[in-house]
Amino acid sequence: MPNQSFVVLSMLLARPGDLITREELRQQLWPSDTFVDYDQSLNAAVNRLRNVLGDTAEKPRFIETLPRRGYRFLVTPEIAEGKSRGNGAAPGLRRQRQAREQLQSGFSESVETDDRRKAQVHKSKNHRGRRVLMPAAVAGIFLMLAALVWLRWGPREPNLSSAKVVPFTSLPGQEVAPTFSPDGSQIAFAWSSNLGQGFDLYVKTVGSERMLKLTDRPSPWISPAWSPDGTQIAFARWRQGDGGIFMVPLLAGPSEDWRAPGPGTSRSCK
0 MPNQSFVVLS
10 MLLARPGDLI
20 TREELRQQLW
30 PSDTFVDYDQ
40 SLNAAVNRLR
50 NVLGDTAEKP
60 RFIETLPRRG
70 YRFLVTPEIA
80 EGKSRGNGAA
90 PGLRRQRQAR
100 EQLQSGFSES
110 VETDDRRKAQ
120 VHKSKNHRGR
130 RVLMPAAVAG
140 IFLMLAALVW
150 LRWGPREPNL
160 SSAKVVPFTS
170 LPGQEVAPTF
180 SPDGSQIAFA
190 WSSNLGQGFD
200 LYVKTVGSER
210 MLKLTDRPSP
220 WISPAWSPDG
230 TQIAFARWRQ
240 GDGGIFMVPL
250 LAGPSEDWRA
260 PGPGTSRSCK
C-alpha cells in the first residue's frame with residue numbers, strides 16, 4: 000500500500016464514524032510549503048486505499064465520501080478477545096447447572112462424576128484459550144502502535160512537486176526548439192521576435208544573460224542539435240529555396256562560413 004494511502008487509513012481508524020475533513024488529511028500528508036494539486040493527489044490516495052480494501056465510492060462498505068467535506072470510516076474496529084472469552088465461558092456455566100440439576104433429581108454417582116469431568120475439561124480449554132489469546136492481543140496492539148509511530152515520524156518519500164520552475168528567457172515573440180549542450184551549461188534555441196520576420200538560431204549560457212546569435216537568415220522554422228563535443232551545432236532549417244541541414248561552429252558566430260552536407264557547397268550563415 001502506498002505511504003499516503005496508509006496515512007489516510009490510520010487517520011480514519013483513529014476516529015471511526017467521525018468526519019475526517021479534507022483539510023485535516025492535507026495537513027497530515029503535505030507540509031504547508033509543498034506545491035501540489037492537493038485535491039487530485041488526495042483523491043488518488045483514497046482511491047488506492049479503496050482498491051486495497053475492495054471498496055467502492057458508489058456502494059461504500061468501509062470508506063464513505065462526504066462531497067467537498069471529507070471521509071468517514073463506517074466500520075468500528077473490534078478486538079475479538081472479549082468475544083472469545085464470552086463464548087468459551089458459556090458452555091462451562093451450562094455444564095455446572097446441569098450437574099446441579101442431576102444431583103437434585105437423584106442421578107447416579109457415575110453420571111455426576113462424568114458431568115463434573117466434562118465441566119473441568121471445558122474449563123481447562125477456556126484457560127488455555129485465554130493464555131493463547133492474551134499474547135496475541137498484546138502483540139497485535141504493539142504492532143499497531145509501532146505502525147502509527149512509523150507513519151507519524153518515519154521517513155517520507157521525497158516530494159518532487161515542490162521544485163520551483165524558473166524561466167530561462169523572457170524574450171518578446173516566440174521561442175522554440177530548446178536543446179541543452181552535452182555538459183548542460185548552455186541551451187540552443189530558435190527565436191522569432193514580435194516583428195514576425197522568422198526564426199534565427201541563438202545560444203545562451205545557463206545562469207547568464209549573455210546571448211549569442213548564430214544565424215542571420217530568418218526562416219519559418221529552425222530545429223538545432225549539439226555535436227557530442229559541444230563545439231558545433233547542427234540545425235535543420237526550412238526556408239523557401241534555402242532549406243536543409245547545416246552546421247555552424249559555436250565560437251565562430253554569424254560572421255563565419257558554414258557548409259551544407261552536399262560536397263563542394265559553401266555558404267555564409269548570414
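Here numbering that gives the first Met the number 0 is used: the first residue of the sequence shown is 0, the next is one more, and so on. Every residue gets a Cβ at the ideal spot worked out from N, C-alpha and C, and that includes glycine. Since the model is a prediction, treat every value here as computed from it, not as a measurement.
> Would DSSP call Asp199 helix, strand or coil?
Replying inline: Within the sequence shown, residue 199 is the residue found at index 200, counting from 1. Here Asp199 sits in strand by DSSP.
> Using the beta-carbon count (16 or more within 10 Å), is Arg116 buried or exposed?
Replying inline: The residue given as residue 116 occupies position 117 in the sequence shown. Looking at its Cβ environment, which holds fewer than 16 other Cβ atoms inside 10 Å, Arg116 is exposed.
> If you draw a straight line from the alpha carbon of Leu150 to that of Ala235, how long is it in whole angstroms?
Replying inline: Taking the first residue of the sequence shown as position 1, residue 150 is located at position 151. Taking the first residue of the sequence shown as position 1, residue 235 is located at position 236. So the alpha carbons of these two residues sit roughly 54 Å apart.
> Who pairs with Arg236 in a beta bridge, going by DSSP?
Replying inline: Your numbering for residue 236 matches position 237 in the sequence shown. Ile221, Gly243.
>> Using C-beta distances below 6 Å, list every residue in its chain close to Arg47, excluding the 5 sequence neighbours before and after it, in chain order.
In response: Residue numbering aside, residue 47 sits at position 48 when the sequence shown is read from its first letter. The answer, listed in chain order, is Pro1, Ser4.
> Counting pairs of beta carbons, one from the stretch 57–72 and one from the stretch 27–39, are three or more of them closer than 8 Å?
Replying inline: no
> Does the Cβ-Cβ distance between Ala187 and Val175 come in under 8 Å?
Replying inline: To locate residue 187, count along the sequence shown from 1; it is residue 188. To locate residue 175, count along the sequence shown from 1; it is residue 176. No, the pair does not count as a contact, with Cβ atoms beyond the cut-off.
> How would you label Thr214, buried or exposed, when you count the other beta carbons within 10 angstroms and need 16 or more for buried?
Replying inline: As a position in the sequence shown, residue 214 is number 215, starting the count at 1. When all chains shown are included, Thr214 counts as buried.
>> Measuring straight from C-alpha to C-alpha, what distance separates Leu200 and Pro166?
In response: Position 201 of the sequence shown, counted from the start, is the residue given in the question as residue 200. Position 167 of the sequence shown, counted from the start, is the residue given in the question as residue 166. Computed Cα separation, rounded: 19 Å.
>> So, with DSSP's three-state summary, where would you put Leu142?
In response: What you label residue 142 is simply residue 143 of the sequence shown in a count that begins at 1. Here Leu142 sits in helix by DSSP.
> Nearest to Gln239 by alpha carbon, out of Leu170, Ile232, Met246, Pro217?
Replying inline: The residue given as residue 239 occupies position 240 in the sequence shown. When each option's Cα is compared against that of Gln239, the closest is Pro217.
> Under three-state DSSP, which class holds Glu23?
Replying inline: The count along the sequence shown starts at 1 and reaches residue 23 at position 24. Of the three classes helix, strand and coil, the one that applies to Glu23 here is helix, per DSSP.
> Looking only at its own chain, which residues have a Cβ that is under 8 Å from the Cβ of Thr20, when we skip the five neighbours before and after it?
Replying inline: For this step, residue 20 is matched to residue 21 along the sequence shown. If we look at Thr20 and ignore the five residues flanking it on each side, its Cβ neighbours are Arg68, Gly69.
> Looking only at its own chain, which residues have a Cβ that is under 7 Å from the Cβ of Pro15, when we skip the five neighbours before and after it?
Replying inline: Taking the first residue of the sequence shown as 1, we reach residue 15 at position 16. Same-chain partners within the cutoff: Phe72, Val74, Thr75, Pro76.
> Shortest alpha-carbon distance to Val7 belongs to which of Phe34, Leu52, Val35?
Replying inline: Stepping through the sequence shown from its first residue, residue 7 is reached at position 8. Closest by alpha carbon: Leu52.
> Which stretch, first to last residue, makes up the alpha helix (DSSP H) that contains Phe5?
Replying inline: Against the sequence shown, residue 5 aligns to sequence position 6. That run of the alpha helix (DSSP H) goes 2–13.
>> Assuming contact is defined by CB atoms lying nearer than 8 Å, are Pro177 and Pro227 in contact in what I supplied?
In response: Your numbering for residue 177 matches position 178 in the sequence shown. Your numbering for residue 227 matches position 228 in the sequence shown. Not in contact: Pro177 and Pro227 (Cβ atoms no closer than 8 Å).
> If you check the beta carbons only, do Leu249 and Gln231 fall under 8 Å apart?
Replying inline: Taking the first residue of the sequence shown as position 1, residue 249 is located at position 250. Taking the first residue of the sequence shown as position 1, residue 231 is located at position 232. Yes, Cβ-Cβ distance for Leu249 and Gln231 is below 8 Å.
> So, helix, strand or coil for Pro248, using DSSP?
Replying inline: Residue 248 sits at position 249 when you count from the first residue of the sequence shown. Here Pro248 sits in strand by DSSP.
> Assuming Asn193 contacts Gly172 under a Cβ cut-off of 8 Å, what Cβ separation, rounded to an integer in Å, is found between them?
Replying inline: In the sequence shown, counting from the first residue as 1, residue 193 sits at position 194. In the sequence shown, counting from the first residue as 1, residue 172 sits at position 173. Indeed they touch by this definition, with Cβ atoms about 5 Å apart.
> Straight-line CA distance for Lys203 to Ala224?
Replying inline: Mapped onto the sequence shown, residue 203 falls at position 204. Mapped onto the sequence shown, residue 224 falls at position 225. Roughly 14 Å separates the two Cα atoms.
> Using DSSP with H/G/I as helix, E/B as strand and the rest coil, what is Pro76?
Replying inline: By one-based count along the sequence shown, residue 76 stands at place 77. Of the three classes helix, strand and coil, the one that applies to Pro76 here is coil, per DSSP.
>> Taking a contact to mean a Cβ-Cβ separation below 8 Å, would you say Ile221 touches Ala233 in this structure?
In response: Residue numbering aside, residue 221 sits at position 222 when the sequence shown is read from its first letter. Residue numbering aside, residue 233 sits at position 234 when the sequence shown is read from its first letter. No; because the gap between Cβ atoms is not below 8 Å, this pair is not in contact.
> Out of curiosity, what's the CA-to-CA distance linking Asp349 and Asn42?
Replying inline: It is not possible to answer for residue 349, since the shown part of the chain is limited to 0 through 269.
> Is it right to say Val247 is buried, meaning 16 or more other beta carbons lie within 10 angstroms of its own, or is it exposed?
Replying inline: Residue mapping note: residue 247 aligns to position 248 of the sequence shown, counting from 1. Under this definition Val247 is a buried residue.
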